[in-house]
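Engineer: Counting from 9, one number per residue, gives the positions in the sequence shown under my numbering. Ideal Cβ positions, reconstructed from N, Cα and C, are used throughout, including at glycine.
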Amino acid sequence: MSDLLRTPERRTCERCGRVEQYDDGVWRAEGLGNLYCIHEWDIDGTFVPIKRDRSVAAEEC
Ligand SMILES: [Zn+2]
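#1: Around the C-beta of Ile46, are 16 or more other C-beta atoms found within 10 angstroms, so that it is buried, or is it exposed?
#2: With Gly39 as the anchor, note down where its beta strand (DSSP E) starts and where it stops.
#3: How big is the Cα-Cα spacing for Ala37 and Trp49?
#4: Can you grab the Cα-Cα spacing for the pair Arg19 / Gly41, in whole Å?
#5: What residues are listed by DSSP as bridge partners for Arg19?
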């Protein structure tokens, strides 16, 4: 369980329940969730900001 928290390979939106998997440099959606949701990823709160730059870049792709 602690391994899941340490590596941001998977994230879940706390608002709509969308699930994305980090795969080869991009986030791939496993569940669509709400298209108009301003996703609130559960990794933002629990994750240390060390890898934040990478995840922000991935979101903009
Ligand atoms: Zn969402």
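Structural biologist: Put simply:
#1: Numbered from its first residue, the sequence shown carries residue 46 at position 38. Classification for Ile46: exposed.
#2: Locating residue 39 in the sequence shown gives position 31, counting from the first residue. Segment Val34 to Gly39, the beta strand (DSSP E) holding Gly39.
#3: By 1-based counting over the sequence shown, the position of residue 37 is 29. By 1-based counting over the sequence shown, the position of residue 49 is 41. Taking the straight line from one Cα to the other gives about 13 Å.
#4: What you label residue 19 is simply residue 11 of the sequence shown in a count that begins at 1. What you label residue 41 is simply residue 33 of the sequence shown in a count that begins at 1. Taking the straight line joining both Cα atoms gives about 12 Å.
#5: The count along the sequence shown starts at 1 and reaches residue 19 at position 11. Glu28.
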